[in-house]
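Peer 1:
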Amino acid sequence: GTVTLGKLNMDEFAMGSANESSYYGPVKNPWDPTRVPGGSSGGSAAAIAARLIPAATGTDTGGSIRQPAALTNLTGLKPTYGRVSRWGMVAYASSLDQGGPMARTAEDCALLLGAMAGFDPKDSTSVEQPLDDYLAALNQPLAGLRIGLPQEYFGAGLDPKIADAVMQVVEELKKLGATVKDISLPNMQHAIPSYYVIAPAEASSNLSRFDGVRFGYRCENPADLTDLYKRSRAEGFGDEVKRRIMVGTYALSAGYYDAYYLKAQKIRRLIKNDFVGAFEEVDLILGPTTPNLAWKLGEKNADPVSAYLEDIYTITANLAGIPGLSMPAGFIDGLPVGVQLLAPYFQEARLLNVAHQYQQVSDWHLRAPAGF
Ligand code: GLN
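In this text, residue positions in the sequence shown follow my numbering: the first is 268, and each later residue adds one.
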């Protein structure tokens, strides 16, 4: 029964961390219009943060729900891979893509997830597993909850002020009865290189269908079929998308496949095993969502790798397929900070429960940007 109000801006083919690679131009962050709202779901994030809409969907291939949520003071949830149907979504990297809700509160995310989640025979990776009652789970007390703090999430590269904000959330959760333990996810250091091989590889394959014949943009007056392919793709795709197609095609090519794609897939398994091992000891993993606050529009355009590094804390959940949630954790110099919660497979209810309980004893999520 939900009414869709419209489509929102985003990075082209969901490739980006700042919503600056959009055909329609960048999105501004309502908390500071000189800064990015995060990406790729920057339009969803900005529209909710600016109080234009109560909630929106996004897709998260490497953080595109959680990272913009963090940079705009929202709650955003990437469900377990297979929990929400991908039918109807344009594929970016099919083994990583997952749709999910973004809203101001965990409670609103629970409502939206309840409507989105479930088995869909139209998506062969959709999982046939009963849904939890996400709303009912919100009110469970947190006494006895075991939280793991991975040392790799608090190392070099993290803004120390973000680390402080995250640790204050931990203190509040302890007051609610949670216990805390230091853990390690040793293969996290390989996450960015393996993600930025796997995601472009899958993208290069998925985007080959945009040939000017069946989908998307078609060039004017093609001379012949080859010209149609070449010019439709050259004119239709933006720079970031072309960069990824080239990286992905290279990584999949004969001779390089074993060295790059296969290697990245093996690392992916190690990252998954790290999480499976950690969840034998803890119920939830907690850390920052992003290493830095929202950056200035244009700041990272000349250096794509510096933008890729911003994904360090979010991409591991996609590589492993586990669910992750970002929620508001305070402000630094007027800019929102996000804390990320990660849970075992299909434990979305636990993520929403913890976020909701935290939101009963904090008011960050209620704060609106000036003028909205
Ligand atoms: N920033 C990451 C990328 O560009 C993730 C994007 C996403 O989750 N869609 O691949």
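Even for Gly, the Cβ is constructed at its ideal location relative to N, Cα and C. Keep in mind the model is a prediction, meaning the values are calculated, not measured.
Please determine whether the Cβ atom of residue 375 lies at a distance below 6 Å from any heavy atom of ligand 1.
Peer 2: False, no ligand heavy atom lies under 6 Å from that Cβ.
Peer 1: Which residue marks the beginning of the alpha helix (DSSP H) containing residue 310, and which one marks its end?
Peer 2: Unbroken alpha helix (DSSP H) run through residue 310: 309-316.
Peer 1: Count the other CB atoms within 10 Å of the CB of residue 520; is the residue buried (16 or more) or exposed (fewer)?
Peer 2: Residue 520 should be labelled exposed.
Peer 1: Determine the closest residue to residue 403 out of 380, 394, 502 and 420, with distance taken between C-alpha atoms.
Peer 2: Of 380, 394, 502 and 420, the residue nearest in Cα terms is 380.
Peer 1: Do residue 307 and ligand 1 come close, with the Cβ less than 6 Å from some heavy atom?
Peer 2: Yes.
Peer 1: With a 10 Å radius around its C-beta and 16 neighbouring C-beta atoms as the bar for buried, classify residue 597 as buried or exposed.
Peer 2: With 16 or more other Cβ atoms within 10 Å, it is buried.
Peer 1: Measure the C-alpha to C-alpha separation of residue 620 and residue 383 and round it to an integer number of angstroms.
Peer 2: Rounded to the nearest angstrom, the two C-alpha atoms are 18 Å apart.
Peer 1: Can you tell me whether residue 281 sits near ligand 1, meaning its C-beta is under 6 Å from at least one heavy atom of the ligand?
Peer 2: Flag set: Cβ of residue 281 near ligand 1.
Peer 1: Please give the ranges of any alpha helix (DSSP H) in the segment 370-447, keeping only runs that are unbroken, at least 4 residues long and fully inside the region.
Peer 2: Fully enclosed alpha helix (DSSP H) runs of 4 or longer: 373-383, 401-404 and 427-442.
Peer 1: Whole-angstrom Cβ separation of residue 409 and residue 363, contact assumed at under 8 Å?
Peer 2: About 30 Å; that fails the 8 Å criterion.
Peer 1: Can residue 578 be considered in contact with ligand 1, in the sense that its beta carbon sits closer than 6 Å to one or more heavy atoms?
Peer 2: Yes, since a heavy atom of ligand 1 falls inside the 6 Å radius drawn around the Cβ of residue 578.
Peer 1: With H, G and I counted as helix, E and B as strand and the rest as coil, what does DSSP make of residue 302?
Peer 2: If DSSP states are grouped into helix, strand and coil, residue 302 belongs with the strands.
Peer 1: By Cβ distance, which residues of its chain are closer than 7 Å to residue 556, with the 5 residues on each side in sequence left out?
Peer 2: Counting only Cβ-Cβ distances below 7 Å, and skipping sequence neighbours, we find 333, 334, 337, 580, 581, 593, 605, 606 and 607.
Peer 1: Quick check: the segment 618-637 against the segment 433-441, are at least 3 beta-carbon pairs closer than 8 Å?
Peer 2: Judged by Cβ distances under 8 Å, the segment 433-441 makes contact with the segment 618-637, as three or more pairs qualify.
Peer 1: Closer than 6 Å: is that where the CB of residue 328 sits relative to any heavy atom of ligand 1?
Peer 2: Under cutoff, so the answer is yes.
Peer 1: Measure the beta-carbon distance from residue 583 to residue 458 and round it to whole angstroms, keeping in mind my assumption that it falls under 8 Å.
Peer 2: 5 Å between Cβ atoms; contact.
Peer 1: Tell me the residue span of the beta strand (DSSP E) that contains residue 593.
Peer 2: Element bounds for residue 593: 591-599.
Peer 1: Can you tell which of 612, 385, 318 and 569 has its C-alpha closest to the C-alpha of residue 398?
Peer 2: Nearest C-alpha to residue 398: 385.
Peer 1: Going by beta carbon distance, what residues of the same chain come within less than 6 Å of residue 240, once the five residues before and after it are set aside?
Peer 2: For the chain, the structure presents residues 268 to 639; residue 240 sits outside this window and is missing.
Peer 1: Candidates 376, 586 and 550: which alpha carbon is nearest residue 446's?
Peer 2: Nearest C-alpha to residue 446: 550.
Peer 1: Do residue 468 and residue 518 count as a contact pair if the criterion is CB distance below 7 Å?
Peer 2: Their beta carbons are under 7 Å apart, which means residue 518 touches residue 468 by this criterion.
Peer 1: When you compare each of 291, 453, 347 and 534 to residue 618 by their alpha carbons, which one comes out closest?
Peer 2: Nearest of 291, 453, 347 and 534 to residue 618, Cα basis: 347.
Peer 1: Since residue 595 and residue 340 are thought to touch, with beta carbons under 8 Å apart, how far apart are those beta carbons, to the nearest angstrom?
Peer 2: With 8 Å as the limit, residue 595 and residue 340 qualify as a contact, their Cβ atoms being about 5 Å apart.
Peer 1: Assign residue 365 to one of three DSSP states: helix, strand, or coil.
Peer 2: Here residue 365 sits in coil by DSSP.
Peer 1: Report yes if the CB atom of residue 307 is closer than 7 Å to the CB atom of residue 277, and no otherwise.
Peer 2: Contact: yes.
Peer 1: Starting from residue 603, trace the beta strand (DSSP E) both ways and give me its first and last residue.
Peer 2: First-last of the beta strand (DSSP E) with residue 603: 602-609.
Peer 1: Report buried or exposed for residue 631, applying the criterion of at least 16 other Cβ atoms within 10 angstroms of its Cβ.
Peer 2: Counting Cβ neighbours within 10 Å, residue 631 comes out buried, since at least 16 surround it.
Peer 1: Of the choices 320, 330 and 487, whose alpha-carbon is the least far from that of residue 270?
Peer 2: Minimum Cα distance to residue 270 is reached at 320.
Peer 1: In chain order, which continuous runs of the alpha helix (DSSP H) of length 4 or greater are located wholly inside the segment 469-525?
Peer 2: Fully enclosed alpha helix (DSSP H) runs of 4 or longer: 492-503 and 506-519.
Peer 1: Alpha carbon to alpha carbon, how far is residue 323 from residue 490?
Peer 2: Distance between the alpha carbons of residue 323 and residue 490: 43 Å.
Peer 1: Quick one: grab the DSSP three-state call for residue 347.
Peer 2: If DSSP states are grouped into helix, strand and coil, residue 347 belongs with coil.
Peer 1: Closer than 7 Å by C-beta to residue 360: which residues in its own chain qualify, once you throw out the five before and the five after it? Chain order, please.
Peer 2: The residues are 328, 465, 466, 469 and 470.
Peer 1: Work out the CA separation of residue 424 and residue 587 for me, nearest whole Å.
Peer 2: If you take the alpha carbons of residue 587 and residue 424, they lie about 22 Å apart.
Peer 1: Could you tell me the boundaries of the alpha helix (DSSP H) in which residue 582 lies?
Peer 2: 582-587 is the span of the alpha helix (DSSP H), which, as asked, contains residue 582.
Peer 1: In the DSSP output, which residue or residues are listed as bridge partners for residue 563?
Peer 2: According to DSSP, residue 563 bridges with 302.
Peer 1: Given a threshold of 16 other Cβ atoms within 10 Å of its Cβ, counted over all protein chains shown, does residue 436 qualify as buried or as exposed?
Peer 2: It counts as buried.
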